[in-house]
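Read the structure below first, then the notes.
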Amino acid sequence: MSSEGIWILAEQFAGRVLPVSFELLRRGRELADKRGAQLSAMVFGHDIDAAGLQELVDRGADRVVATEAPQLEHFLVQPYAACMLTLLDEYRPEIVIAAATTTGRTLMPYVAAKAYVGLTADCTVLDIDPETGGLLQTRPAIGGNILATITTPDRRPQMATVRPHSTRPAEPTPGRTGEIIRRSAPADCPAGGAEFLEFIPETSEHHLEDADFVVAVGRGIKKSENIPVAEDLADALDAALGASREVVDRGWLSYPHQVGLSGKTITPRLYVALGVSGSIQHLAGMQTAETIVAVNSDPEAQIFRVADVGIVGDLFEVAPVLAQRLREIQNGKSEIRNPKFETNTKHEIRNTKQTRDSKS
Amino acid sequence: MRIVVPIKQVPETDNVKMDEQTGTMVREGVESIINPLDLYAIELALVLHEQYGGEVIAISMGPAQAIRALREALAMGCDSAVLLSDRAFAGSDTWATSYVLQAAIRRLGDVDLIICGERATDGETGQVGPAIAAMLDLPAATYVSQFEAPEDGHIRVRRLVEGGWQVLRLKLPALLTVVKEVSQPRLPTLRGKQRAKAADIPVWQAGDLDVEADKLGLVGSPTRVVRIHRPKVARQCRKLRANDADSTAAAVDEVLTLLNERELL
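Line by line, the protein sequences give chains C and R. Here the first sequence is numbered in our numbering, starting from 1 and rising by one per residue. Here the second sequence is numbered in our numbering, starting from 1 and rising by one per residue.
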């Protein structure tokens with residue numbers, strides 16, 4: 001039944017297709033090729049930018065179905081779910097994957113509950129079972145200390161949300177062709193019982209969820225007056241600022257900065273932890289980051305368990321030096337010294353990379 | 001307002017240590033507690049109750065010992081509690097769990113608001129809240145970080161989403177899932193504890209609910225866990241000491257070399 005195809009839920013904001021959709025295209029393309037199936041993207045919105053729809057094709061979709069209506073302009077779960085259920089009914093997908101964003105993690109369970117199908121949250125690995133052709137959905141559990149692989153034996157579509165940043169966006173192939181269908185939401189698409197009033201943008205320049213680079217502070221920062229030490233490093237790296245629960249609970253940084261079980265789960269390319277002890281809760285929110293650098297004065301700190309490089313030392317000594325050296329390199333005033341390290345560790349680092357690539 | 005708060009009992013992971021040899025959680029002495037994120041849901045319900053009157057009912061699906069979590073909710077100030085417990089519920093995935101919870105809410109009758117924690121700290125799916133809303137055909141707002149006043153059969157809430165906050169007006173009845181910013185959970189009072197101890201908590205089984213037997217538990221669950229494995233330790237932390245200016249400079253250079261190697265600069 002591979003003709004039913006693989007679908008991704010592309011996301012838009014203010015009519016522009018969001019980059020997280022391109023990560024899903026990479027995942028979806030791999031699955032579709034393994035199944036010998038078509039890859040389609042569904043997107044819901046109002047006046048969606050045509051270039052964005054074409055970009056979905058350029059980056060791997062064979063078909064794009066854009067459902068548009070004024071009540072779809074902003075994410076509201078009821079009208080979105082109604083339109084998505086209409087699509088599922090019409091196209092009968094085999095697999096639907098979405099990003100584990102606030103939208104994906106709201107819409108997918110709402111739809112899966114209505115359709116009585118299986119849904120696996122926040123997967124980091126998706127694969128096709130060579131025997132059954134079914135979707136193997138692997139996700140971290142118990143604070144990332146185990147990985148559970150989950151299947152949906154009977155009910156279709158098989159649905160999963162995928163952790164944002166857990167894979168690279170698919171590359172565009174200019175001139176790639178695909179079908180783009182723009183359609184209006186069904187006339188009976190309900191507005192639902194929720195009304196969008198306004199969007200209040202976060203004032204900080206970098207949002208944790210979208211950041212490639214994150215500098216996070218833990219209790220080791222000692223007091224709110226010391227936060228600028230971390231801010232300065234974040235600035236040098238062009239990174240977003242994260243925080244452990246203790247830092248937020250003490251009011252040194254606001255809740256949107258919190259990383260971990262009771263905060264945000266993120267997978268940046270680089271995570272620099274300053275004075276973060278590394279509780280299970282914190283690790284659960286960041287240990288899938290691609291590269292982790294930890295600075296902590298306690299050589300036994302749990303954060304070192306998940307770090308690639310750990311500096312055992314005083315963050316107030318280390319962070320300013322790191323920030324300064326980064327600025328020197330950016331300004332072309334300095335090269336990286338210590339080539340010996342490079343040759344010594346090349347092999348080790350490459351191994352680490354392979355392990356991670358083979359997982360994704 | 002009549003408010004239902006579905007809660008979950010989870011293992012206490014705050015002080016959990018990992019066994020370095022086996023990489024598994026050291027379970028000895030690990031207590032069961034109310035999912036910490038559910039406390040924010042309970043607190044918001046209690047605050048609304050204090051301001052606008054009504055009733056707060058805590059419900060939980062789980063084994064018999066989950067009654068302890070419900071007693072804790074009562075000790076915090078919930079008016080009543082119901083335990084949903086039956087062997088037929090065992091092995092439920094999020095769909096089958098939501099199915100039982102929504103059936104219980106239906107049985108409770110007129111409900112204005114359902115408030116859930118954003119996710120449980122053990123399963124970490126965050127799926128049960130939205131699924132209950134879907135099964136009851138209710139409007140829902142997830143990731144609610146601020147509750148603004150109810151007005152004329154509606155409520156106004158703020159959702160914490162990527163890049164900012166979405167402000168919504170929801171028609172009641174509705175379902176919310178909340179993040180920790182929404183409230184500051186109170187501690188149970190001694191009087192609350194005494195009242196909770198004496199409280200009679202009904203246990204509803206499958207037969208007490210309007211449910212189809214083939215949608216319950218493992219049988220009714222669309223998903224199956226087929227494998228549990230430990231993540232390969234892909235990282236071997238290279239620990240560097242920074243005791244003085246020279247060792248700090250050297251350590252920083254090693255970090256920069258790694259970042260350069262990985263094309264992060």
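Quick reminder that beta carbons are idealized off the backbone N, C-alpha and C, glycines included. Quantities reported herein were computed from a predicted structural model and do not represent experimental measurements.
Listed along chain R, the residues sitting closer than 7 Å to G192(C) by beta-carbon distance are P139. If the five residues before and after R2(R) are omitted, its C-beta is found closer than 7 Å to the C-beta atoms of G54, E55, D110, V111, D112, all from its own chain and listed in chain order.
V161(R) reaches chain C at T102, counting residues in chain order whose Cβ is nearer than 7 Å.
In this structure the segment 102-112 of chain C does not lie against the segment 192-202 of chain R, because fewer than three pairs of beta carbons, one per stretch, are closer than 8 Å.
Look at G220(R): its C-beta is not under 7 Å from any C-beta on chain C. Here DSSP, grouped into helix, strand and coil, assigns M159(C) to strand. Between V100(R) and V211(R), the alpha-carbon positions lie close to 7 Å from each other.
Taking a Cβ-Cβ cut-off of 8 Å, the neighbours of D210(C) in chain R comprise E162, G163, given in sequence order. In summary, R71(R) is buried, with 16 or more beta-carbon neighbours lying within 10 Å of its beta-carbon over all protein chains present. Its Cα nearest to that of L53(C), the residue E179(C) stands out among R35(C), E179(C), F75(C).
Contacts with chain R at 7 Å (Cβ-Cβ) include T106(C).
A straight line joining the alpha-carbon of L216(R) with that of K171(R) spans about 30 Å.
Nearest to G260(C) by alpha-carbon distance, out of I34(R), D122(R), G62(R), is D122(R). Not one beta carbon of chain C lies nearer than 7 Å to the beta carbon of C78(R). Here W252(C) is actually not in contact with S277(C); their C-beta atoms are around 15 Å apart, not less than 8 Å. Fewer than three pairs of CB atoms, one per stretch, sit closer than 8 Å, so the segment 153-163 of chain C makes no contact with the segment 184-199 of chain C. With a beta-carbon spacing of about 19 Å, R155(C) and A148(C) fall beyond the 8 Å limit used to define contacts. The beta carbons of I8(C) and A37(C) sit no closer together than 7 Å. Per the DSSP secondary-structure output, G313(C) pairs in a beta bridge with A242(R).
Excluding its 5 nearest sequence neighbours in each direction, L259(R) has C-beta neighbours in its own chain below 8 Å: L265, listed in chain order. Under a 10 Å Cβ-count criterion, S254(C) is classified as exposed, with fewer than 16 other Cβ atoms of the shown protein chains found around its own Cβ. At least one beta carbon of chain C lies nearer than 7 Å to the beta carbon of G126(R).
At a Cβ-Cβ threshold of 7 Å, L136(C) and D122(C) do not count as neighbours.
Contact annotation: in the segment 119-130 of chain C, residues whose CB is within less than 8 Å of a CB in chain R are L119, T120, A121, D122. In the three-state reduction of the DSSP assignment, G220(C) falls in the helix class, which pools H, G and I. Chain C has no Cβ within less than 7 Å of the Cβ of M1(R). Closest by C-alpha distance to P150(R), out of V47(R), E181(R), E12(R), is V47(R). With a threshold of 16 other beta carbon atoms within 10 Å, N331(C) falls short and is exposed. A distance below 7 Å separates the beta carbons of K114(C) and A134(R).
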